[in-house]
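Residue numbers (the working numbering): 21 to 247.
To start, the structure itself, in structure tokens.
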Ligand SMILES: Nc1nc2c(ncn2[C@@H]2O[C@H](COP(=O)(O)OP(=O)(O)O)[C@@H](O)[C@H]2O)c(=O)[nH]1
Ligand SMILES: [Mg+2]
């Protein structure tokens, strides 16, 4: 059977120093270094995945550098993106607080053709630094990620190569299920492009017991939990 090639534009967003470039290099080149030069502008890396017997995916991972401090990106950067990794550094609370700003920026500037947000996975990076982590200060990421519309969350380490593949695979699965749905609805569905997701208020001071593993792709998981 003829394999179909698809190009998927995936954004990697989050504050400066959270590990975006390291995650991309780890995933694409299987390397980690303490010193990635802060590239200025936008850069992207390509990973070709043999996804199933029907499709080969050309995964374009879009990195940003130098613009993180503004907490938002231009529409041009977001254009035609089909998914995103939103990264924070689990040793720095401010980077977690910035997650909703990034998610809000994403959802205000790109959406699926049916108006729904593009799939986004939340990464709590640098989990190899757990002793210095924020566990007591973080809300339960399971609830947080569900409440704020992430399709999953993972504790990751670009340094130790923990969950990088799993997180990106989770994102790609969600992207592909959107693509399949879109293909089957192509004839019918009304487009509501440009709609903006309004995020509910979140109280960062709420102390809940912290991290407890990772989500394992909850949006695709058949109802595992009874609650
Ligand atoms: N311990 C640890 N350090 C990391 C990890 N990921 C990135 N870093 C370090 O954090 C710093 C910033 O990483 P970088 O990828 O440049 O972050 P970016 O600004 O988001 O692209 C660098 O010194 C990296 O070596 C990780 O998983 N664990
Ligand atoms: Mg970088």
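C-beta atoms are modelled at their ideal positions from N, C-alpha and C, and glycine is treated no differently.
Next on the checklist: Rounding to the nearest angstrom, what Cα-Cα distance links residue 67 and residue 200 in this structure?
Outcome noted: Their backbone Cα atoms lie some 21 Å apart in a straight line.
Checklist entry - Assuming residue 102 contacts residue 48 under a Cβ cut-off of 8 Å, what Cβ separation, rounded to an integer in Å, is found between them? => result About 18 Å separates the beta carbon of residue 102 from that of residue 48, a gap too long to meet the 8 Å contact definition.
Checklist entry - Would you call the stretch 77 to 87 and the stretch 31 to 38 touching, i.e. three or more CB-CB distances under 8 Å? => result In the pairwise beta carbon analysis, the stretch 77 to 87 is classified as touching the stretch 31 to 38: at least three pairs are separated by under 8 Å.
Checklist entry - According to the neighbour-count rule (16 or more other Cβ atoms, all chains shown, within 10 Å of its Cβ), is residue 38 buried or exposed? => result Flag for residue 38 reads buried.
Next on the checklist: When you compare the stretch 145 to 153 with the stretch 117 to 134, are there three or more beta-carbon pairs, one atom per stretch, that lie closer than 8 Å?
Outcome noted: No, because fewer than three Cβ pairs between the stretch 145 to 153 and the stretch 117 to 134 fall closer than 8 Å, the two stretches do not touch.
Item to check | Local conformation of residue 64 per DSSP, three classes | outcome: In this structure, DSSP gives residue 64 an extended state, which the three-state scheme calls strand.
Next on the checklist: Quick check: is any heavy atom of ligand 1 less than 6 Å from the C-beta of residue 148?
Outcome noted: Yes, ligand 1 has a heavy atom inside 6 Å of this Cβ.
Next on the checklist: Taking 8 Å as the cut-off, does the stretch 106 to 122 touch the stretch 70 to 79 (at least 3 CB pairs, one atom from each stretch)?
Outcome noted: The stretch 70 to 79 makes no contact with the stretch 106 to 122; the number of CB pairs closer than 8 Å stays below 3.
Checklist entry - What first and last residue would you give for the alpha helix (DSSP H) that runs through residue 108? => result For residue 108, no alpha helix (DSSP H) segment is defined; the enclosing uninterrupted segment is the beta strand (DSSP E) at 103 to 109.
Checklist entry - Quick one: what's residue 127 bridged to in DSSP? => result Its beta-bridge partners do not exist; DSSP assigns none.
Next on the checklist: Shorter than 6 Å, the distance from the beta carbon of residue 40 to the closest heavy atom of ligand 2, or not?
Outcome noted: Ligand 2 has a heavy atom closer than 6 Å to the beta-carbon of residue 40.
Checklist entry - Any idea which residues DSSP pairs residue 79 with across the strands? => result DSSP, once it has assigned bridges, lists 28 and 67 as partnering residue 79.
Next on the checklist: Suppose contacts are defined by Cβ-Cβ distances below 7 Å. Is residue 95 in contact with residue 129 by that definition?
Outcome noted: With respect to the 7 Å criterion, residue 95 and residue 129 are classified as neighbours on the basis of their beta carbons.
Next on the checklist: Nearer than 6 Å: is that true of the beta carbon of residue 118 relative to any heavy atom of ligand 2?
Outcome noted: No, the beta carbon of residue 118 sits no closer than 6 Å to any heavy atom of ligand 2.
Checklist entry - How big is the Cα-Cα spacing for residue 248 and residue 22? => result Absent from the model: residue 248. The displayed extent of the chain is 21 to 247, so no value can be given.
Checklist entry - Using DSSP with H/G/I as helix, E/B as strand and the rest coil, what is residue 145? => result Residue 145 falls in the strand class under three-state DSSP.
Checklist entry - Of the choices 121, 76, 51 and 40, whose alpha-carbon is the least far from that of residue 27? => result Comparing Cα positions, the closest option is 76.
Next on the checklist: Using the Cβ count rule (16 or more neighbours within 10 Å means buried), how would you classify residue 119?
Outcome noted: Under a 10 Å Cβ-count criterion, residue 119 is classified as buried, with 16 or more other Cβ atoms of the shown protein chains found around its own Cβ.
Checklist entry - In whole angstroms, what separates the C-alpha of residue 144 from that of residue 138? => result Approximately 19 Å, taken between the alpha carbons.
Checklist entry - Can you name, in chain order, every residue of its own chain whose Cβ lies under 6 Å from the Cβ of residue 140, other than the five neighbours on each side? => result A distance below 6 Å between beta-carbons, with the five flanking residues on each side excluded, links residue 140 to the following residues of its chain, in chain order: 104, 106 and 170.
Item to check | Spatial neighbours of residue 126 in its chain, beta-carbon cut-off 6 Å, leaving aside the 5 residues before and after | outcome: Beyond the five residues adjoining it in sequence on each side, residue 126 comes within less than 6 Å, by CB distance, of 104 in the same chain, given in chain order.
Next on the checklist: With a threshold of 6 Å (Cβ to nearest heavy atom), would residue 145 be considered close to ligand 1?
Outcome noted: Yes, since a heavy atom of ligand 1 falls inside the 6 Å radius drawn around the Cβ of residue 145.
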